[in-house]
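*Asks:*
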Amino acid sequence: MTVLITGGATGIGKAICEIFAKNGYDLAINYYKSEKEALLLKKELQDMYKGKIELFKYNLASLDNVSNLYHEFKQAYPKGADVLVNNAGICEDKLFQDLDDDKINEIYNVNLLSAIKLTRLVISDMISKKSGTIINISSISGVLGCSYEVDYSTTKAALNGFTKALSKEVGKSNITVNAIAPGIIKTEMTKDLDEEYCKQCIPLNRYGTTKEVADLVYHLSQNKYITGQIIGIDGAMIL
């Protein structure tokens, strides 16, 4: 069994890689900036587990790179992916009118359009096999909408819509499609937030962990009747 994970070198992506490796999967890990972390993760996982691990360095802000990633992936794993996790994402905390066109295009390409394109490429093998799992890492921002993150929120909301629609289209091929919408998870992306203030907005009064998100991803990869869902993991920030 093979899992392809975008943005897999750090944070939530790293935890997802770890749980799939632990459970005997071969891993295809996409990363871009975090080369040192990706190489270290590969070594650590190879030392601990027996599965095949390949790294693919591509900036998914370029949709041409999505095609390049897929073709290189298929050379390494000719049978394709059993599980695809679209985890790569970027956020820019600025007023809506202050983002320039280049940054807006980058946010939309990485968070939304690359996930759509990679899914379109990967899903052909899944349809042929009549089996497969696609998991999109969305965000609480895509459900609530967040000020200073208008474009980020928009991409995540669109990813949720993509998830629901695609699940209905490919269900007859025994393919499940779900999205996970994390709240505040303790990662590099959230390290500059005022933690004590943020905790007041979370009924469980703590940040989530990357392992908790990864556990949910793995559970969804094994359950073949949950599909078309946007599953929050947010400590009851949304009720």
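Each residue of the sequence shown is one higher than the one before, counting from 0 in numbering that gives the first Met the number 0.
Even for Gly, the Cβ is constructed at its ideal location relative to N, Cα and C.
Can you tell me whether A20 is helix, strand or coil according to DSSP?
*Replies:* In the sequence shown, counting from the first residue as 1, residue 20 sits at position 21. Of the three classes helix, strand and coil, the one that applies to A20 here is helix, per DSSP.
*Asks:* Going by C-alpha to C-alpha distance, which of Y76, K167 and G182 sits closest to K155?
*Replies:* Counting from 1 along the sequence shown, the entry for residue 155 is found at position 156. Answer by Cα proximity: G182.
*Asks:* Let me check understanding here. Comparing Cα to Cα, which of K51, E43 and L112 lies closest to L62?
*Replies:* Position 63 of the sequence shown, counted from the first residue, corresponds to residue 62. Cα-wise, what sits closest to L62 is L112.
*Asks:* Looking at C-alpha atoms only, which residue of N29, Y31, A27 and V84 is the closest neighbour of T175?
*Replies:* Locating residue 175 in the sequence shown gives position 176, counting from the first residue. When each option's Cα is compared against that of T175, the closest is V84.
*Asks:* Report the three-state DSSP secondary structure of N173 (helix, strand or coil).
*Replies:* Here residue 173 is taken as the residue at index 174 of the sequence shown, counted from 1. In the structure shown, N173 sits in coil (DSSP, three-state: anything other than H, G, I, E or B).
*Asks:* Count the CB pairs spanning the region 133-140 and the region 82-98 that are closer than 8 Å, and state whether there are at least three.
*Replies:* Judged by Cβ distances under 8 Å, the region 133-140 makes contact with the region 82-98, as three or more pairs qualify.
*Asks:* I need the boundaries of the alpha helix (DSSP H) containing E53, first residue and last residue.
*Replies:* For this step, residue 53 is matched to residue 54 along the sequence shown. Where E53 is concerned, there is no enclosing alpha helix (DSSP H), although the beta strand (DSSP E) it sits in stretches over I52 to K56.
*Asks:* For D25, report the span of its beta strand (DSSP E) as first-last.
*Replies:* Residue numbering aside, residue 25 sits at position 26 when the sequence shown is read from its first letter. Here the beta strand (DSSP E) through D25 covers D25 to Y30.
*Asks:* Need the endpoints of the beta strand (DSSP E) that T132 sits in, please.
*Replies:* The residue labelled residue 132 in the question sits at position 133 within the sequence shown. G131 to I136 is the span of the beta strand (DSSP E), which, as asked, contains T132.
*Asks:* So, using beta-carbon positions, are S76 and K56 closer together than 8 Å?
*Replies:* As a working mapping, residue 76 is identified with position 77 in the sequence shown. As a working mapping, residue 56 is identified with position 57 in the sequence shown. Contrary to the premise, residue 76 reads as Tyr rather than Ser in this sequence. No, the pair does not count as a contact, with Cβ atoms beyond the cut-off.
*Asks:* Give a yes or no on whether the C-beta atoms belonging to K185 and G227 are separated by under 8 Å.
*Replies:* As a working note, residue 185 is residue 186 in the sequence shown. As a working note, residue 227 is residue 228 in the sequence shown. Not closer than 8 Å, so no.
*Asks:* Enumerate in chain order the residues of its own chain whose CB-to-CB distance from A235 is below 8 Å, with the five nearest sequence positions on each side excluded.
*Replies:* Locating residue 235 in the sequence shown gives position 236, where the first residue counts as 1. Within the same chain, A235 has close Cβ partners I201, P202 and L203.
*Asks:* Apply the 10 Å Cβ neighbour rule to F161 and answer buried if 16 or more other Cβ atoms are within range, or exposed otherwise.
*Replies:* For this step, residue 161 is matched to residue 162 along the sequence shown. By the 10 Å Cβ count, F161 comes out buried.
*Asks:* Is it the case that the Cβ atoms of L117 and V169 are separated by a distance below 8 Å?
*Replies:* Residue mapping note: residue 117 aligns to position 118 of the sequence shown, counting from 1. Residue mapping note: residue 169 aligns to position 170 of the sequence shown, counting from 1. Their beta carbons are not under 8 Å apart, which means L117 does not touch V169 by this criterion.
*Asks:* Secondary structure at I229, three-state DSSP: helix, strand or coil?
*Replies:* Here residue 229 refers to the residue found at position 230 when the sequence shown is read from its first residue. DSSP places I229 in strand when its eight states are reduced to three.
*Asks:* Using 10 angstroms around the beta-carbon of Y206, count the other beta-carbons present and answer buried if the total reaches 16, otherwise exposed.
*Replies:* As a position in the sequence shown, residue 206 is number 207, starting the count at 1. Buried, since its Cβ has 16 or more Cβ neighbours within 10 Å.
*Asks:* Can you tell me where the alpha helix (DSSP H) holding L38 begins and where it ends?
*Replies:* As a position in the sequence shown, residue 38 is number 39, starting the count at 1. That run of the alpha helix (DSSP H) goes E34 to M47.
*Asks:* Going by DSSP in three states, N64 sits in which element: helix, strand or coil?
*Replies:* Taking the sequence shown and counting its residues from 1, the one referred to as residue 64 is at position 65. Reduced to three states, the DSSP call for N64 is helix.
*Asks:* Where does L192 sit, in a helix, a strand or coil, going by DSSP?
*Replies:* Indexing the sequence shown from 1 puts residue 192 at position 193. Reduced to three states, the DSSP call for L192 is coil.
*Asks:* Does the beta-carbon of L165 have 16 or more other beta-carbons within 10 angstroms, so that it is buried, or is it exposed?
*Replies:* Within the sequence shown, the letter at position 166 stands for residue 165. By the neighbour-count rule (16 or more Cβ atoms within 10 Å), L165 is buried.
*Asks:* Can you tell me whether DSSP reads N85 as helix, strand or coil?
*Replies:* Here residue 85 is taken as the residue at index 86 of the sequence shown, counted from 1. The answer is strand: DSSP assigns N85 an E or B state.
*Asks:* Who are the Cβ neighbours of K163 in its own chain at under 6 Å, not counting the five residues just before and after it?
*Replies:* Taking the sequence shown and counting its residues from 1, the one referred to as residue 163 is at position 164. Closer than 6 Å at the Cβ level, and outside the excluded window around K163, lie G227.
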